[in-house]
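I have placed the structure first, in the form of structure tokens, so that the comments after it can refer back to it.
2 protein chains.
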Amino acid sequence: MNTEEMLVRLHRIGLALSSERNLDSLLQLILTEARRFTTAEAGTLYLREGDRLRFTVAQNERQDPPGSCSASAGAGLQNITIPIDETSIAGYVGASGRLLNFEDVYAIPADRPYHFNRDFDARNGYRTRSMLVVPMQDIAGRVLGVVQLINARDESGTVVPFAPALEPLVHSLASQAAVSVRNAQLTRDLQDAQYDTIFRLSVAAEYRDADTAQHIHRMSRYSEAIARAMGLPDEEVELILHASPMHDVGKLGVPDAILQKPGKLTPDEFLAMQRHTIIGGKILAEARSAVLQVSESIALTHHEKWDGTGYPRRLAGEAIPRPGRITAVADVYDALTSKRCYKPPFSRDEAVEIIRKGAGSQFDPEVVATFERILDTIAVIQKQYADPEPPRAGSPVAAPNTG
Amino acid sequence: MNTEEMLVRLHRIGLALSSERNLDSLLQLILTEARRFTTAEAGTLYLREGDRLRFTVAQNERQDPPGSCSASAGAGLQNITIPIDETSIAGYVGASGRLLNFEDVYAIPADRPYHFNRDFDARNGYRTRSMLVVPMQDIAGRVLGVVQLINARDESGTVVPFAPALEPLVHSLASQAAVSVRNAQLTRDLQDAQYDTIFRLSVAAEYRDADTAQHIHRMSRYSEAIARAMGLPDEEVELILHASPMHDVGKLGVPDAILQKPGKLTPDEFLAMQRHTIIGGKILAEARSAVLQVSESIALTHHEKWDGTGYPRRLAGEAIPRPGRITAVADVYDALTSKRCYKPPFSRDEAVEIIRKGAGSQFDPEVVATFERILDTIAVIQKQYADPEPPRAGSPVAAPNTG
């Protein structure tokens, strides 16, 4: 491949990288393309976190042959960070912004500040030989990470040094990678900002009710777990997770006198209470954002029942949108297992029994079946987001004026 | 410049494009770089909107010599859209995804479906001759826009045809541009989604109060206008615009019995009412997103007074963060000029007089001076977001239960 061909390829890679906005997929893609471009057998990608580099992705063609699940650093490796300083190869490259190219890392002269750590090789029966280590710098020169490419191979598969002619090209590729990583991080931050806004205001909106931030956490996590176990696509699962906190936002339109009434509601009061579904739908109506659209659907339909006896529209069966069917189970299970001023919490078994009995009448039988299948996960969430003792201290702001 | 040098340059341009996330700046940059790359004297950029192309940016070096304010299409031009079909040059390129290269657009054969429109030349005393028209396609092949490059020049400044060798390179550049445009649009959409979430929930939170969606609009637009007229940087102005809707979100923590009390509040009730500032601050505390951080500051400080007699912390002078000082004026002016169940609206002059008298005691004198300087703008906003008649019909959801 001549330089012109290399440049054309580099340009195509640049396009592919800048088109990928999911950070995890992007990091895999960067390492895969950098390895292909340099015929490297293995590689590692580190991302900057403050003044350290976090070991983020590893690929090794010998150990993860094509078709196997290569890819992400294992859970253990993800916890490894190294300082950005001269004591390690990647740290040196991160600190200096300069590329390093070794014919054989076992032959690094002893007077260098860094040395190669042979532990990984020893543990894995691997022999790291040639290595090209490149800083990922954005156009302002900031180092966002380091790509470490290992064991270039010639056409026969023999390990050879990385050609010095590759260096500027790989440096360019890493720059494009840095820009793409920065963009993907900003995208994620913006997404997180919206989710954070939704969550805070959902908690605040429940403020006048008996519910707590912990209820919102549990209910949305239960919904997420059910959606995932039902096999919905990741994107839909994520939408349900982030949209469900707003299920009761319409309670903002219900007066304290009804919302906080200690005794039984009159039929008229009950109707006014039911309007929280319609009010929620109106608050969220006609949004352009996908998560608010799902929120609208959930706000409107989380009190519908499978047999058509729910409210506000008496929808039945699959006419109830799936997010509403899922959150209905999650919301009721959490209400049953929570302490309220007017009732002690039901035990987990009692609550599950009530949900089970509601399958086909109150609830979608498929949602209930899935829920029963993942009771272990439900229990973990329940424990993780348990209400603190005493019961109301976990309220994010202060105790409500429940009169 | 040989092909290799061109490719290296193309790669650098790609990096610059993918680093720019502001859509307006990006579109200017795309056209500038494409013109530089092809030595084109002028150019136009169209963005796709559904099945039409919108004329978005125009540059002409002859008519906007360096140093002059070149750039964006004027307000009139921005309204021009053309169908994506074979009847125009740009439309043809958008529909076919194919590049067109003309030596002289006045010599386009009559049997082509498109023709060159000479009106612009006639109006501007310009002679369009050579033209290179390129589709902006993302890697899935979707056309996001069209770049039209006009009058390539050789080193002596003479208009020459665009070299066919440039075509694939410019096509690549346009692809990178498309990816960057898509990213910038997605970024803007995500930002808008967060702002939309904030606005909807701010309106909903005011639901129990006498305030309306129109109040939120007016108050945030007044704040924006004052901030801009004070010379704050665009970014800060935008934050104030989008953060100020949440100024009263803490009212969620104030019971109906106090919020909606028809008569005068007792001292204890007034203290409970004042707590909405602290509650709002807690709802928004420790957010990572810039707009929520400004919201927190505004929620906490919009009732502080310049002379230190406000609440909740009796801050004085510049110890009150600027967004709080700005929104204080905007909020009070809107309350004064709005009808309430307990008072008719003050006239504009009366309200301005009250604000003026508060300069140096209740309000930051600089904010008041700025406010008085832009009364025309304030009047426009006031009219644009006037409460509909009858007064409460504009409530986004339904009339509150004000008892």
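Taken in order, these protein sequences are the chains called V and X.
For the working numbering, add 13 to where a residue sits in the first sequence, where the first one is 1.
For the working numbering, add 13 to where a residue sits in the second sequence, where the first one is 1.
Each residue gets a CB set at the ideal place from its N, CA and C atoms; glycine is no exception.
- E237 (chain X) and A285 (chain V) have their C-alpha atoms spaced approximately 38 Å apart.
- A103 (chain V) is not a Cβ neighbour of M149 (chain V), given a cutoff of 7 Å.
- In this structure, S193 (chain V) keeps its C-beta atom at 7 Å or more from the C-beta atom of P258 (chain V).
- Fewer than three Cβ pairs drawn from the stretch 369–385 of chain V and the stretch 258–278 of chain V lie within less than 8 Å of each other, which leaves the two stretches out of contact.
- Within 10 angstroms of the beta-carbon of V393 (chain V) lie fewer than 16 other beta-carbons, which makes it exposed.
- No Cβ-Cβ contact shorter than 7 Å links E46 (chain X) with T16 (chain V).
- In this structure, E309 (chain V) places its C-beta atom within 7 Å of the C-beta atom of L297 (chain V).
- Taking the Cβ atoms as the reference, G263 (chain X) lies roughly 7 Å from I291 (chain X), within the contact range of under 8 Å.
- Assignment of Q76 (chain X) by DSSP, reduced to helix, strand and coil, places it in the coil class.
- In this structure Q72 (chain X) is buried. Its beta-carbon is surrounded by 16 or more other beta-carbon atoms within 10 angstroms.
- Taking 8 Å as the upper bound on Cβ-Cβ separation, chain V lies near no residue of the stretch 49–80 of chain X.
- Judged by beta-carbon spacing, V160 (chain X) lies beyond the 7 Å limit of V173 (chain X), meaning their Cβ atoms are not closer than that value.
- With a threshold of 7 Å between beta carbons, A217 (chain V) makes contact with chain X.
- For the stretch 178–194 of chain V, the set of residues with a beta-carbon nearer than 8 Å to any beta-carbon of chain X comprises S185, S188, Q189, V192 and S193, in chain order.
- Shown here for R75 (chain X): same chain residues with a beta carbon closer than 8 Å to its own, the five before and five after excluded, namely E54, A55 and Y139 in chain order.
- By the Cβ-count criterion, L388 (chain X) is exposed, with fewer than 16 other Cβ atoms from all chains shown falling within 10 Å of its own Cβ.
- Inter-residue distance for D247 (chain X) and I152 (chain X) is about 33 Å (C-alpha atoms, whole angstroms).
- When the beta-carbon positions are compared, T383 (chain X) and I239 (chain X) come within less than 7 Å of each other.
- For R353 (chain V), the secondary structure class from DSSP, reduced to helix, strand or coil, is strand.
- Here the alpha carbon of V156 (chain V) sits roughly 7 Å from the alpha carbon of G110 (chain V).
- With respect to L265 (chain V), V304 (chain V) sits apart: the two C-beta atoms are not nearer than 7 Å.
- About 20 Å separates the Cβ atoms of G330 (chain V) and A312 (chain V), ruling out a contact at the 8 Å cut-off.
- Going by DSSP, Q198 (chain V) is part of no beta strand (DSSP E) but of the alpha helix (DSSP H) stretching over L179 to A218.
- At a C-beta separation below 7 Å, V345 (chain X) has no neighbours in chain V, since its nearest C-beta there lies roughly 24 Å away.
- Taking CB atoms only, R213 (chain V) has a neighbour in chain X less than 7 Å away.
- Taking the C-beta atoms as reference points, L254 (chain X) is found nearer than 7 Å to S233 (chain X).
- Under the three-state reduction of DSSP, G158 (chain V) is assigned to strand.
- Interface with chain V (7 Å Cβ-Cβ cutoff): H24 (chain X) is included.
- In the three-state scheme derived from DSSP, where H, G and I count as helix and E and B as strand, N130 (chain V) is classed as coil.
- Between T16 (chain X) and chain V, the shortest Cβ-Cβ separation is below 7 Å.
- G110 (chain V) has a beta carbon lying at 7 Å or more from every beta carbon in chain X.
- With a 10 Å radius around the Cβ and a threshold of 16 neighbouring Cβ atoms, I93 (chain V) comes out exposed.
- Note: E249 (chain X) is not bridge-paired with any residue in the DSSP secondary-structure output.
- When DSSP reads this structure, I229 (chain V) sits in no beta bridge, so it has no partner.
- C354 (chain V) and Y235 (chain V) have their C-alpha atoms spaced approximately 23 Å apart.
- At a Cβ-Cβ threshold of 7 Å, S101 (chain V) and Y127 (chain V) count as neighbours.
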